Structure formats: C-alpha cells, structure tokens
Amino acid sequence: MHRILAILLLFISYQANAQNDLFGLEKPPARKGFIIGFNGGMDFPGADMAERYGTSWRVGVQLLYKTKSNWVFGPKFDYMFGNNLREDSLLANVVDKYGTFIGSSGQRLGINLYQRGYLIGLQAGRIFNFGTSSSDNGILALTTIGFMEHKIFIRDREDAVPSLRGDYKKGYDRLTNGWMLEQYIGYTYFANNNLLNFHIGLNVTAGFTQGRRDWLYDVRKPGNEPRFDLLYGIRAGWYIPIFKRKSEEFFFE
Numbered sequence: 010m011h012r013i014l015a016i017l018l019l020f021i022s023y024q025a026n027a028q029n030d031l032f033g034l035e036k037p038p039a040r041k042g043f044i045i046g047f048n049g050g051m052d053f054p055g056a057d058m059a060e061r062y063g064t065s066w067r068v069g070v071q072l073l074y075k076t077k078s079n080w081v082f083g084p085k086f087d088y089m090f091g092n093n094l095r096e097d098s099l100l101a102n103v104v105d106k107y108g109t110f111i112g113s114s115g116q117r118l119g120i121n122l123y124q125r126g127y128l129i130g131l132q133a134g135r136i137f138n139f140g141t142s143s144s145d146n147g148i149l150a151l152t153t154i155g156f157m158e159h160k161i162f163i164r165d166r167e168d169a170v171p172s173l174r175g176d177y178k179k180g181y182d183r184l185t186n187g188w189m190l191e192q193y194i195g196y197t198y199f200a201n202n203n204l205l206n207f208h209i210g211l212n213v214t215a216g217f218t219q220g221r222r223d224w225l226y227d228v229r230k231p232g233n234e235p236r237f238d239l240l241y242g243i244r245a246g247w248y249i250p251i252f253k254r255k256s257e258e259f260f261f262e
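If you read the sequence shown in my numbering, its first letter stands for residue 10, the second for the next number, and so on.
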C-alpha cells in the first residue's frame, strides 16, 4: 500500500512538471515576506504529563518570516487549557467526609480545578514544494525550541476556603516549567485568489521540566522533582501572509 501511494505521488508530480514543460509554463517563484498565523489544536498527554492531565486544548499565535527559498522562522506563543485532571489526592485534606469543601462560615462550596499553561519559543523550518502549481505550497516541517509551563488552576469563586487562600494554593497547584522541544509536520497552502491560506498537521512536544513547589500539602513531600512531559497533538491554523511584490512593496494576501 505504501509503495503504491509513493508511486502515485511521484506520477502526479511528474505529470504536473511534464504539462508545464509541454505548454511552456513555469511556476512563479516562491514569495518572501511575513506570515501571521492563528492556530488551534488538541493535545494527548504522554510520559509524566499523562499521570497528571488528560486531553487538553491549545490556541496560539505565531509570526514567521518566509524567504524565497521557502525557509521560515520566527516566534510563537500557545496557551494550553483543559479540565481533565488525574491527580487523585489533590485537595484530599481540605474536604469533609462527603468530599465537599467547607467555607469559613460553614457553608458547603464547589471548587473547580483546571489545567492551565503556555508554551513560548522560536521556530525554524522549511516548506518542501513537490510539483504543485504554486511554489509557496507544500509540506511544512518546523522545529521549536523554547519554554513551557503548566499548573492546576484552583478556582474558589467566593475565596471562602481558608486553606486555599493566597499562597496556600501554591501547595496544591503543581506548578511545573522548563525547556521544551517541539516538532511539527503538516501541509501548508496559500491560495492564488488570496482568500484561503491555512495549515494542518501533527506535532510532538517534549518538555524537560521540573516541579517548582518546595512542598505539596496533600501528599506531604517536596514537589520539585524533574519531569519529562510529552504532548502529541493535532494542529491547524489560518495564515495572513504579507508578501512582497517584485517592486518590494508589501501587500496583504
């Protein structure tokens, strides 16, 4: 099956190039300029990340510069969020025998727990063009080096649980951060009619992180151990390219 698919792709590429030669057509050269990207995706955890969280989501923005050789580079920022937690012992010592929270005035309260975090880094990669009608389209491979942070966000709407006020929350939030490396591969498309510019693909994020809390109240031990956090994701996004004309004037796609 894989061999058939590879042969089919080569045949399509050959036919496209042959037609261009037959009619004397040449693809226009790749354009250069800035690309603003708005991204969204879903992540599945692995390694140490899977012991704490379930499936999560992320949204982000990136600013890339694209050369005529289809190299791209620039900064990115992603915000992570979710509500699927796997820490069974969390807040176990601040609930009553019924598993509910008691406020300072004796009322029962609901406390919400969420996953929150972010990734920030510098990206570099290339668009590999394979015989398409546009030199700007193809398979995009990106590597990102940067910083990631995540924690458990504890939401006490009324601020009525004494054990969760102020800095006491730090004993439960599992703050973690450190360096990260991310690999992305997907398809990138820039339409000739300037209306449709997007990418879609897969990414793998490896975080070489460490817990940043000296003491965890619920498990009664330090929370500063080194970690290896993995995320496997599906990502898609919308591009706003600002390419240059031959006159070197900028124009929006």
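Ideal Cβ positions, reconstructed from N, Cα and C, are used throughout, including at glycine. In this text the structure is predicted, and so the values were computed from the model without any measurement.
* Sub-8 Å separation of Val81 and Ile136 beta-carbons -> Reading the sequence shown from its first residue, position 72 is the one you call residue 81. Reading the sequence shown from its first residue, position 127 is the one you call residue 136. Cβ atoms of Val81 and Ile136: closer than 8 Å.
* Asked: Who are the near neighbours of Leu31 in its chain, counting only those whose CB is closer than 6 Å to its CB and skipping five residues on each side?
  -> Position 22 of the sequence shown, counted from the start, is the residue given in the question as residue 31. Per-residue confidence for Leu31 stands at a pLDDT of 42, beneath the threshold of 50, marking its modelled position as unreliable; no derived number is given.
* For Ala200, the three-state DSSP class (helix, strand or coil) -> Taking the first residue of the sequence shown as position 1, residue 200 is located at position 191. In this structure, Ala200 counts as coil in the three-state DSSP scheme.
* Going by alpha carbons, who is nearest to Gly191 out of Asp165, Gly83, Thr152, Ile148? -> Residue 191 sits at position 182 when you count from the first residue of the sequence shown. Here residue 191 is Glu; the residue named in the question, Gly, does not match the sequence. Checking every option, the nearest Cα to that of Glu191 belongs to Thr152.
* Give the DSSP-derived three-state secondary structure of Asn102 in the structure shown. => Translated into positions along the sequence shown, residue 102 becomes position 93. Note: Asn102 maps to helix in three-state DSSP.
* Asked: CB-CB under 8 Å to Trp224, same chain, minus the five flanking residues each way: which ones, in chain order?
  -> Here residue 224 refers to the residue found at position 215 of the sequence shown. Cβ neighbours of Trp224 beyond the five flanking positions: Gly180, Lys230, Pro231, Gly232.
* To do: With a 10 Å radius around its C-beta and 16 neighbouring C-beta atoms as the bar for buried, classify Leu19 as buried or exposed.
  => On the sequence shown, residue 19 is found 10 positions in, with the first residue counted as 1. Interpretation of Leu19 is limited by its pLDDT of 46, a score under 50 that renders its predicted location unreliable; the figure taken from the coordinates is listed afterwards. Leu19 comes out exposed.
* Answer with buried or exposed for Ala39, where buried requires no fewer than 16 other C-beta atoms within 10 angstroms of its C-beta. => Position 30 of the sequence shown, counted from the first residue, corresponds to residue 39. Label assigned to Ala39: buried.
* To do: List the residues that DSSP assigns as beta-bridge partners of Ile163.
  => Here residue 163 corresponds to residue number 154 of the sequence shown, with the count starting at 1. Paired residue(s): Leu122.
* To do: With DSSP as the reference, please indicate the residues paired to Asn206 in a beta bridge.
  => In the sequence shown, residue 206 corresponds to position 197, counting from 1. DSSP output for Asn206 lists Phe199 as bridge partner(s).
* Are there 16 or more other CB atoms within 10 angstroms of the CB of Gly69, so buried, or fewer, so exposed? -> Taking the first residue of the sequence shown as 1, we reach residue 69 at position 60. Classification for Gly69: buried.
* **Sequence-distant residues of the same chain with beta carbon closer than 6 Å to Gly46, five excluded per side** => The count along the sequence shown starts at 1 and reaches residue 46 at position 37. The residues are Gln71, Gly246, Tyr248.
* Asked: In this structure, does DSSP put Tyr181 in helix, strand or coil?
  -> Working through the sequence shown from its first residue, we reach residue 181 at position 172. Three-state DSSP puts Tyr181 in coil, outside helix and strand.
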